[in-house]
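Numbers in my numbering are just positions in the sequence shown, counted from 1, shifted up by 38.
All residues carry an ideal CB built from backbone N, CA and C; glycine is no exception.
One structure is given below, encoded as C-alpha cells.
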Amino acid sequence: MKIIVYYEDTDTGGVVYHSNYLNFCERARSNAFFKQKLSPVLSGGHFVAKKLEANFIASAKLGDELNVETELVEVKAASFKLLQTVFRDSKKIFELNIHLAYITFEGKPQKITKDVKDLIVSLFRG
C-alpha cells in the first residue's frame, strides 16, 4: 500500500513521528479488507493487537512516498502473526512483527473459524 507522508505525520523537523509507523501499518491491514469490499470488523468479532515488535531502521520525511508490504507469518487457533515492512523507494526503513488476537465484541478470545482463516490467508498471503 502506498502512503504519502503529510505534514500531520511529522514532528517539527519534518521527520515522521515514531507512532505513525504503527498507523501506516494499521492502514495497510485495513486496506487489505477494503480492497475486497470487506470490513476488518467481522460478523463474529474482530482482531486486536496482542503483541508487537517494532524496528525503526531509518527515518521517513515530509513528502516521502512509502510502501507498506504485509506478509502472513502464522495462523493459530485464535490469532495470527504478520510481518509488515515499510519501504522508501526500495530501502527498508521500518519493520513490524504483530500478533493479532481474534475476540468477540465483548472482548473475549475466540477461535478463528475456517471461513475467517481462509479470508486471512487470502488477504495476507502473497
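{"Asked": "What beta strand (DSSP E) runs, 3 residues minimum, are completely inside the stretch 65–147?", "Found": "84–94, 103–113, 117–126, 129–141"}
{"Asked": "Which residue's Cα is closest to the Cα of Ser97: Ile136, Lys129, Ser117?", "Found": "Lys129"}
{"Asked": "Secondary structure at Val154, three-state DSSP: helix, strand or coil?", "Found": "helix"}
{"Asked": "Would you kindly work out how many angstroms separate the C-alpha atoms of Ala139 and Lys75, rounded to a whole number?", "Found": "22 angstroms"}
{"Asked": "Any idea if Asp47 is buried or exposed, counting beta-carbon neighbours within 10 angstroms, 16 or more meaning buried?", "Found": "buried"}
{"Asked": "Strictly by DSSP, which residues pair up with Thr48?", "Found": "Val54"}
{"Asked": "Near Phe125, which residues of its chain fall below 6 angstroms by C-beta distance, leaving aside the five closest residues on each side in sequence?", "Found": "Asn105"}
{"Asked": "Going by Cα to Cα distance, which pick from Gln148, Thr142, Gln122, Leu157 is closest to Ala66?", "Found": "Gln122"}
{"Asked": "Taking Cβ positions only, does Asn105 come closer than 7 angstroms to chain C?", "Found": "Structure shown: chain C not included; a single protein chain is present."}
{"Asked": "Going by CA-CA distance only, name the one from Ile150, Leu120, His137, Asp127 that's closest to Arg163.", "Found": "Leu120"}
{"Asked": "Whose C-beta lies closer than 8 angstroms to the C-beta of Ile42 among residues of the same chain, with five residues either side of it excluded?", "Found": "Gly101, Asp102, Glu103, Leu104"}
{"Asked": "Return the chain-ordered list of same chain residues with a C-beta closer than 8 angstroms to the C-beta of Gly83, the five sequence neighbours on each side being excluded.", "Found": "Tyr140, Ile141, Thr142, Phe143, Gln148"}
{"Asked": "Return the CA-CA distance between Pro78 and Val86, expressed in angstroms with no decimal places.", "Found": "10 angstroms"}
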